[in-house]
Amino acid sequence: MRIVYADSNATTRVAPEVMEEMLPYYGEFYGNPSSMHFFGGHVGRKIKDAREKVAASIGARPEEIIFTSCGTESNNTAIRAAIVSNPDKKQIVTTRVEHPAVKNLCEDLAKRGYPVTFLPVDRQGRLDLDTLDASLSENTAIVSIMWANNESGVLFPIEQIAQKVKSKGIVFHTDAVQAVGKIPVDVTAVDVDMLSISGHKLHAPKGVAALYVKRGTKYSPLLIGGHQESGRRGGTENAASIIGFGKACELAGAHLDEMATRVCGLRDKLESEIQCRIPDTIVNGGGAIRLPNTTSIGFQYVEGESILLMLDQFGICASSGSACTSGSLEPSHVLRAMGVPFTSAHGSIRFSLDRYSTEEEIDFILEKLPPIISRLRRISPFWKGNPEP
Ligand code: PLP
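Residue numbers (numbering that gives the first Met the number 0): 0 to 388.
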């Protein structure tokens, strides 16, 4: 069946160039990168190249990149590193709209006695910087605020946030998993101490990611073991994936302009045409600065899961809330934090595109979606004119 993929914030296809780069490291070059012999050393040198490419994609130095297994591990490592290496400070400041990889960890730490401040956002998903300022104290061990929201695509003003946090000498981590590869991210321009990236969001395979740790930042490993990653993350490297990740970062950099122009144009077309063709739709975070590839649209008085199932019959892949929260019928914590009305939060669908998205696919979605919404509204007990339940 034909697949129309509009769920790139959940994951992306592995780019063919990335696959090609990786394959020899599953086959003929299987040496351990830490081995003394030339055979293993060859893999080690390829990992070194990959580290340089990942670093270059965010303006970092290679030694500031630690390879991890996923964005979740990078986020966990950053937050735990800050609290372990600053034991006299306890407070964690974050937001109500973080990915579960930060949110659930912080909730767990709160249960273990760490005071956590979850900053609110407004109706457009924006953060109030004065509220952030007021939340910081002598006791703050780390501020962890995402760069780009995976559900709404809303971007936080990371440069200004970093300035505020760093002016108070506090450690600042940003979850940039949805930002890297979609918008320019440059750690020489933004004063972050730690930054998370994940491979599978930018056409590398699943199961490989990185944590940028600025030189001089106090650090403590999450995985204690061998000397890999200069003792900062034990475990034999996922060599092929790391090599692919390097290639993917290089390619992502080369496609950033296309993201800002062609892909953004497709997203804008999808969004505006949906609003034209389907009444009572709301773009969640539509008034904020957003990622170029993402739109989250609330279709009032219908159930998001029903929309997804009907889209699925045409091979259209989208998401209701984040991939990690689907499976639950509760509106996502992000939409709830934004105060999206219940009637529209329940019927919110996220479409997220990538550089493989085509205009023809957008037209296909635009053809199939309006009749689906009309059909669901005809049977919705909440839709205007329908009999009360
Ligand atoms: N942070 C954000 C903003 C995400 O969107 C995701 C994945 O959806 C993650 C972290 C987790 O990344 P991973 O799937 O690599 O663990």
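Positions of the beta carbon are idealized from the N, C-alpha and C atoms, including for glycine.
Would you say the beta carbon of D48 is closer than 6 Å to some non-hydrogen atom of the ligand PLP?
It does not: the Cβ of D48 is nowhere closer than 6 Å to a heavy atom of the ligand PLP.
Return the CA-CA distance between R377 and N138, expressed in angstroms with no decimal places.
Roughly 55 Å between the two C-alpha positions.
Nearest CA to the CA of S240: which residue from E249, G303, G198, G285?
Looking at the Cα atoms, G198 is the closest of the given residues.
For the region 32 to 113, list the beta strand (DSSP E) runs that are entirely contained and at least 3 residues long, ordered along the chain.
Counting whole runs of 3 or more residues, the region 32 to 113 contains the beta strand (DSSP E) stretches 64 to 67, 90 to 94.
Quick one: is the Cβ of G284 within less than 6 Å of any heavy atom of the ligand PLP?
No - the ligand PLP has no heavy atom lying nearer than 6 Å to the Cβ of G284.
Since D353 is in the alpha helix (DSSP H), which residue starts that stretch and which ends it?
D353 -> no alpha helix (DSSP H), and no H or E assigned at all.
State the beta-bridge partners of A287 as determined by DSSP.
The partner list for A287 (beta bridge, DSSP) is empty, contrary to what the question assumes.
Rank S134, V13, E106, H98 by C-alpha distance to the C-alpha of S331 and give the top, closest one.
Of S134, V13, E106, H98, the residue nearest in Cα terms is H98.
Can T11 be considered in contact with the ligand PLP, in the sense that its beta carbon sits closer than 6 Å to one or more heavy atoms?
No, Cβ of T11 sits at least 6 Å from all heavy atoms of the ligand PLP.
Quick one: residues in its chain with C-beta nearer than 7 Å to the C-beta of S325, no 5 flanking neighbours on either side, listed in chain order?
At S325, the pLDDT of 49 sits below 50, so the modelled position is not reliable and the matter cannot be decided from this model.
Count the other CB atoms, across all protein chains shown, that sit within 10 Å of the CB of E249; report buried if there are 16 or more and exposed otherwise.
Answer is buried; the Cβ neighbour count reaches 16.
How about G70: is its Cβ closer than 6 Å to a heavy atom in the ligand NAP?
In the structure on display, the ligand NAP does not appear, and the ligands it does have are the ligand PLP.
How would you call A133, buried or exposed, if buried means at least 16 neighbouring beta carbons within 10 angstroms?
Counting Cβ neighbours within 10 Å, A133 comes out exposed, since fewer than 16 surround it.
Counting only the same chain and skipping the five closest in sequence on each side, list residues whose C-beta sits under 8 Å from that of G206.
Once the five neighbours on either side are set aside, the close Cβ partners of G206 are S68, C69, G198, H199, N237, S240.
Determine the burial state of Q227: buried for a count of at least 16 other Cβ atoms within 10 Å of its Cβ, exposed for fewer.
So Q227 counts as buried.
Are three or more beta carbon pairs between the region 352 to 360 and the region 7 to 17 nearer than 8 Å?
A contact exists between the region 352 to 360 and the region 7 to 17.
Using the beta-carbon count (16 or more within 10 Å), is L308 buried or exposed?
The residue in question, L308, is exposed, as its Cβ has fewer than 16 Cβ neighbours within 10 Å.
Between M142 and V164, which are expected to be in contact by the criterion C-beta below 8 Å, what is the C-beta distance as a whole number of angstroms?
As written in the sequence, residue 142 is Val, which differs from the Met given in the question. So it is a contact: roughly 5 Å between Cβ atoms.
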